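A short write-up of the structure that comes next.
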Amino acid sequence: MVYQVYLRSFADGNGDGIGDLAGLRSRLPYLAWLGVDALWINPHYPSGGADGGYDIVDYRAVDPDYGSVADLEALVGDARRLGLRVILDVVPNHTSDRHPWFRAALADPDSPEAARYHFAPPSDEPPNNWQSLFGGPAWSRTPDGRWYLHLFAPGQPDLNWRDPAVAADFEQTLRFWLDRGVSGFRVDVAYGLFKDPGLRDNPGSYSPTLFGHGPEQAMTRDQPEVHDVWRRWRSICDEYPDAMLVGEVCLADLEQVALYSRPDEMHQSFSFRLLKSPWEIAAFADGVQSALDAFGEVGAPVSWVLGNHDKDRQVTRFGGGAVGTARARAAALLMLALPGSPYVYAGDELGLPQAVVPDEAKLDPIFWRSGGVRAGRDGCRVPMPWNASDGVGFSPDGAVEPWLPIPAEWERFAVSSQTRDGGSTLTLYRRALALRAAHSALGSGEATVSTRGDVLTVRCVGDDESVRCLVNMGAGTVLVRTSGPVLLASTTHVKTSAGSIALPPNTAVWLAED
Ligand code: GLC
Ligand code: CA
129 MVYQVYLRSF ADGNGDGIGD LAGLRSRLPY LAWLGVDALW INPHYPSGGA DGGYDIVDYR
189 AVDPDYGSVA DLEALVGDAR RLGLRVILDV VPNHTSDRHP WFRAALADPD SPEAARYHFA
249 PPSDEPPNNW QSLFGGPAWS RTPDGRWYLH LFAPGQPDLN WRDPAVAADF EQTLRFWLDR
309 GVSGFRVDVA YGLFKDPGLR DNPGSYSPTL FGHGPEQAMT RDQPEVHDVW RRWRSICDEY
369 PDAMLVGEVC LADLEQVALY SRPDEMHQSF SFRLLKSPWE IAAFADGVQS ALDAFGEVGA
429 PVSWVLGNHD KDRQVTRFGG GAVGTARARA AALLMLALPG SPYVYAGDEL GLPQAVVPDE
489 AKLDPIFWRS GGVRAGRDGC RVPMPWNASD GVGFSPDGAV EPWLPIPAEW ERFAVSSQTR
549 DGGSTLTLYR RALALRAAHS ALGSGEATVS TRGDVLTVRC VGDDESVRCL VNMGAGTVLV
609 RTSGPVLLAS TTHVKTSAGS IALPPNTAVW LAED
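Take 129 as the starting number for the sequence shown in my numbering and just add one per residue.
Right, here's the structure in full:
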């Protein structure tokens, strides 16, 4: 299981209210105890602060808020000793507008640096209809009246990947970190990078019913050349003992997504279907089946995702409160049973809900650029509660306020109390991960998906055993026949009797089969 660490919110080592590498290092034993195999760290680089670190100023450095390159090397060393691998986030689609290249490009339109971005000559109208994914036009003006392209915030100018200097520089960045012992990269906006050379208008508009980008980004996503970049990056990773790439490929069609993890490209590309599915049996069954099919076609493991730093927390997405929590726990059991590589977002193992962040404390450009119409992503980026007393233990005693306010009631989600509670969500994750490691049928092997009424069943077959994961997605209790013991249930309220169990609504169970 890969654990996603939102660095700024994980653990603050030095008391400035900001999570950092020293804090993360001190919490590595927790991750090893939980049963994590690898951690992916959200961007740790010096950034312009326009988009939570996804606007990078220097790709071969550590933001002083987080520590130093030496701290990162120490983290990697400690992690390895605990059996954990460290994966970094790399952002090739765009830099910060404070990156030295963009500064040079602003100063001189004829500079080599200017050729590394997308500029258009001054005119009254932007060159085409392309829209920023954060809202508003994807073109902004430079002080001298030129237009420049930014598919995200204006502080994130898009790189021109047709300029060979761009590719060469990223290859150096990959090697810089791989030489420091990291085990690979999560690749941001891996479906992006190249744009239609003719800058033609996008032909359609955004559809929220699709699972990713469609015609509204046709000219700015999934251009054929991008696959050659991943082939090149793969060959670099292959020079190192255990380096992997996992791509963020937000395309509507999962078969297109899977093409990014063909054998000579990235090792994995995220399957976001469950992240974007409502709590409905048809959506979940299709989300699992289509991912198994699409990735099976290219021979890559499925990278399952239920939560990340871009989406509302599962508990809230699935209805909030006790019902949302029960569903999030059930969904976790489903994900952890499936063959492939699950990604768990920090705090999901605690059952954290989406936090209510006061508007004035929000930082997400999605909130600000939409004039407050879109809530933004701050509510899933609030710091972790570690202790149930003396504040929540995110920072050491006497520290300044955390960078995003932590709700007072989050003490009840604290790691310290959940470790002692046999019924907690943290205990459930830990048990599930231990069973997953011990059973060949869980996490690898063959899976078959079926539905009957409100119950979704995934039958997982391992070397010499099989396990069924059943999820009751309806409103009533369902009686299920069993032929072996219950390995784990997402609730303590499953009633078992000889040969059957009563599965309450919004719960999941792992059943061994004789
Ligand atoms: C990815 C990141 C998101 C970021 C965007 C732009 O989608 O996950 O957080 O805002 O890329 O870099
Ligand atoms: Ca700090």
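Each residue gets a CB set at the ideal place from its N, CA and C atoms; glycine is no exception.
Source: prediction; values computed, not measured.
Fill in: Exposure label - His-227; buried when at least 16 CB within 10 Å
Classification for His-227: buried.
Worksheet item: Just curious, the beta strand (DSSP E) that Gly-375 is in, first and last residue?
Response: 372-375
Practice prompt. Have a look at Arg-263 and Pro-220 and give me their C-alpha separation to the nearest angstrom.
Written response: The sequence shown places Gly at residue 263, rather than the Arg named in the question. If I take the Cα positions, the gap works out to 21 Å.
Worksheet item: Would the C-beta of Asp-179 count as close to ligand 1, meaning under 8 Å from any of its heavy atoms?
Response: yes
Worksheet item: When the Cβ atoms of the region 535-555 are set against those of the region 503-517, are three or more pairs found closer than 8 Å?
Response: yes
Item to complete: Please work out which residues of its chain come closer than 6 Å, Cβ to Cβ, to Val-294, disregarding the five sequence neighbours upstream and downstream, and give them in chain order.
Response: Closer than 6 Å at the Cβ level, and outside the excluded window around Val-294, lie Arg-244, Leu-287.
Worksheet item: How about Ala-380 and Gly-332: are their beta carbons less than 9 Å apart?
Response: Taking 9 Å as the Cβ cut-off, Ala-380 and Gly-332 do not qualify as a contacting pair.
Worksheet item: What are the start and end residues of each continuous beta strand (DSSP E) run of 3 or more residues lying completely inside the region 239-292, in chain order?
Response: 267-269, 275-277
Fill in: Cβ pair count under 8 Å reaching 3, the region 144-151 against the region 189-203
yes
Worksheet item: Does DSSP put Glu-529 in a helix, in a strand, or in coil?
Response: coil
Discussion item. Given the structure, does Asn-170 come close to ligand 2, in the sense that its CB is under 8 Å from one of the ligand's heavy atoms?
Written reply: Answer for Asn-170: no, Cβ out of range of ligand 2.
Worksheet item: DSSP three-state call for Pro-470: helix, strand or coil?
Response: Taken through DSSP and simplified to helix, strand or coil, Pro-470 comes out as strand.
Worksheet item: Mind checking Arg-548: buried by the 16 CB within 10 Å criterion, or exposed?
Response: With fewer than 16 Cβ atoms within 10 Å of its Cβ, Arg-548 is classed as exposed.
Worksheet item: Rounded C-beta distance between Ser-431 and Tyr-388? I'm assuming under 8 Å.
Response: Taking a contact as a CB-CB distance under 8 Å, the pair Ser-431 and Tyr-388 does not count as one, their CB atoms being some 11 Å apart.
Discussion item. Can you list, in chain order, the residues of its chain with a C-beta nearer than 6 Å to that of Ser-572? Leave out the 5 residues immediately preceding and following it.
Written reply: The residues are Pro-467.
Practice prompt. Reducing DSSP to helix, strand and coil, say where Ile-169 ends up.
Written response: Note: Ile-169 maps to strand in three-state DSSP.
Discussion item. Measuring CB atoms only, is the region 449-457 touching the region 417-427, in the sense that at least three cross pairs come out at less than 8 Å?
Written reply: no
Discussion item. Quick check: Arg-153 and Asp-206, are their CB atoms within less than 9 Å of each other?
Written reply: In terms of Cβ geometry, Arg-153 and Asp-206 form a close pair [threshold 9 Å].
Worksheet item: Quick one: is the Cβ of Asp-525 within less than 8 Å of any heavy atom of ligand 2?
Response: no
Item to complete: Would you mind sorting Asp-238 into buried or exposed? The rule is 16 or more other CB atoms within 10 Å of its CB.
Response: Classification for Asp-238: exposed.
Discussion item. Taking a contact to mean a Cβ-Cβ separation below 9 Å, would you say Pro-633 touches Met-601 in this structure?
Written reply: The Cβ atoms of Pro-633 and Met-601 lie closer than 9 Å to each other.
Item to complete: In the DSSP assignment, find the beta strand (DSSP E) that holds Thr-348 and state where it starts and stops.
Response: Neither: Thr-348 is in no beta strand (DSSP E) and is coded neither H nor E.
Item to complete: Label Arg-497 either buried or exposed according to how many other C-beta atoms from any shown protein chain fall within 10 Å of its C-beta, with 16 as the threshold for buried.
Response: buried
Discussion item. Between the region 425-442 and the region 392-400, can you find at least three pairs of beta-carbon atoms closer than 8 Å?
Written reply: At 8 Å Cβ cutoff, the stretches touch.
Worksheet entry | Short Cβ contact (9 Å threshold) for His-222 with Tyr-182 | yes
Discussion item. Using C-beta distances below 8 Å, list every residue in its chain close to Ser-175, excluding the 5 sequence neighbours before and after it, in chain order.
Written reply: Gly-181, Tyr-182, Asp-183, Ile-184, Val-185, Asp-191, Ser-224
Item to complete: Please report the Cβ distance between Trp-267 and Tyr-276, rounded to the nearest whole angstrom; I am assuming they are in contact, meaning their Cβ atoms lie under 8 Å.
Response: 7 Å
Item to complete: Would you mind sorting Lys-623 into buried or exposed? The rule is 16 or more other CB atoms within 10 Å of its CB.
Response: Burial call: exposed.
Discussion item. Quick check on DSSP: helix, strand or coil for Thr-624?
Written reply: strand
Item to complete: May I ask you to verify whether the region 591-601 touches the region 561-572, counting CB pairs closer than 8 Å and requiring at least 3?
Response: yes
Item to complete: Could you name the residues of the same chain whose beta carbon sits closer than 6 Å to that of Phe-423, not counting the 5 residues immediately before and after it, in chain order?
Response: Ala-386, Val-430
Worksheet item: Using the C-alpha atoms, what's the distance from Leu-561 back to Gln-434?
Response: Going by the sequence as given, residue 434 is Leu instead of Gln. If you take the alpha carbons of Leu-434 and Leu-561, they lie about 16 Å apart.
Worksheet item: What residue range is occupied by the uninterrupted alpha helix (DSSP H) comprising Ser-363?
Response: It spans 354-365 - the alpha helix (DSSP H) in which Ser-363 sits, taken as one unbroken run.
Fill in: Residue(s) in a DSSP beta bridge with Glu-574
Val-589
Worksheet entry | Test item, CB below 5 Å from any non-hydrogen atom of ligand 2 | Asp-140, Asn-142, Asp-144, Ile-146, Asp-148
Discussion item. Ligand 1 and Tyr-182: does the residue's C-beta get closer than 8 Å to at least one heavy atom of that ligand?
Written reply: yes
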